[in-house]
Amino acid sequence: MTTAITADRWHSVRRAYRVTGARFADLVARVPDPDAMVTAEWTVAETVAHVAMIAKMYTSLVRPDGAPVLAARGQSQVEKTTVDTVSVLNTLVLRDFPERDIEVLVAGLLADIEEVLRVTEDADPGTPLDWLGGSKVPLAGVLAHLVNELQVHGWDIAKALKLPWTIQPGDAALFFDLFLVGVLGNDVGHLLDTDESPRDRRIAVAFRSAYTSRSCWCCIGDG
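If you use this note's numbering, the sequence shown closes out at 422, no skipped numbers anywhere.
This is the structure:
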């Protein structure tokens with residue numbers, strides 16, 4: 200599996216990065232009560248803080264001289280996070296960054312989005328970057344991940360407060376096309392580690408979509 204990323208796909212994810220961020224900001228501006236519950240655990244303000252912190256972490260990640268946003272405890276959790284313990288990292292980040300003023304959070308989110316686009320304008324979209332659990336994700340995949348976060352949590356907020364929100368299929372497909380295929384094609388690190396013993400058989404998965412640039416295949420094991 201390769202991580203070759205076309206200029207057209209790079210342009211698409213950069214456009215989606217800016218446009219989806221702006222749409223998310225517009226949605227949040229229509230929220231009448233920042234303390235309204237969005238999920239069983241998070242308010243609107245906490246949901247916005249979660250997305251804003253991911254954007255801030257990615258701003259640091261793409262800068263050649265970027266210092267980690269998280270303190271030592273948080274950075275340690277990043278390095279050992281698996282798909283089963285992402286919630287632990289989310290809780291830690293929200294606890295360590297208490298800002299809940301949604302105007303402040305959205306301003307920071309939009310500024311970080313623009314900074315990432317500025318810093319990466321001439322970058323190779325296939326450049327592998329360190330992600331959770333020692334995994335490696337191509338630069339374009341990192342952008343696609345934030346687009347996905349904005350889409351999903353925008354949907355959460357809109358659904359809870361009965362506000363309009365749409366997800367464009369082509370933008371949603373970027374997550375599979377650039378992030379999922381990207382991490383599988385680079386290095387999953389410890390991201391998929393569990394306490395279960397590995398299965399002694401081949402597992403093959405195919406994902407096909409009219410909105411991705413290719414079929415996504417994943418083969419694990421021998422046989």
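Where a beta carbon is used, it is the ideal one built from N, C-alpha and C, also for glycine.
In whole angstroms, what is the alpha-carbon distance linking residue i and residue j?
i: V303; j: H249; result: 13 Å
i: L199; j: P233; result: Outside the modelled stretch of the chain, which goes from 200 to 422, sits residue 199, for which no answer is possible.
i: K279; j: K358; result: 33 Å
i: T258; j: T238; result: 27 Å
i: R299; j: D392; result: 33 Å
i: T205; j: S211; result: 10 Å
i: G333; j: V318; result: 23 Å
i: N289; j: P297; result: 13 Å
i: L291; j: V387; result: 22 Å
i: H389; j: D311; result: 28 Å
Which same chain residues, not among the five before or five after residue i, have their C-beta less than 6 Å away from its C-beta?
i: L308; result: A251 and A254
Based on the DSSP secondary-structure assignment, which residues constitute the bridge partners of residue i?
i: M236; result: T242
i: L328; result: V336
i: D386; result: K335
For residue i, collect the residues of the same chain with a Cβ closer than 8 Å to its Cβ; drop the 5 residues on either side in sequence, then sort them by chain order.
i: A228; result: V305
i: A224; result: V305, L308 and L309
i: V230; result: V243, I301, I356, L360 and L362
i: A322; result: V261 and L338
i: V424; result: With the chain covering 200 to 422 only, the question about residue 424 has no answer from this structure.
Residues in its own chain within less than 7 Å of residue i by CB, not counting five upstream and five downstream?
i: I366; result: Q350 and W354
i: V268; result: K255, M256 and S259
i: A203; result: G325
i: W364; result: L226, G353, W354 and A357
i: G273; result: L291, V292 and D295
Entirely enclosed alpha helix (DSSP H) segments - the segment 274 to 323, minimum 4 residues: Entirely contained in the segment 274 to 323, the alpha helix (DSSP H) runs reaching 4 residues are, in chain order, 285 to 295 and 301 to 318.
query: Below 8 Å, can you find three or more Cβ-Cβ pairs linking the segment 330 to 340 to the segment 378 to 389?
result: yes
message: Check whether the segment 345 to 353 and the segment 212 to 224 are in contact - that is, three or more C-beta pairs closer than 8 Å.
response: yes
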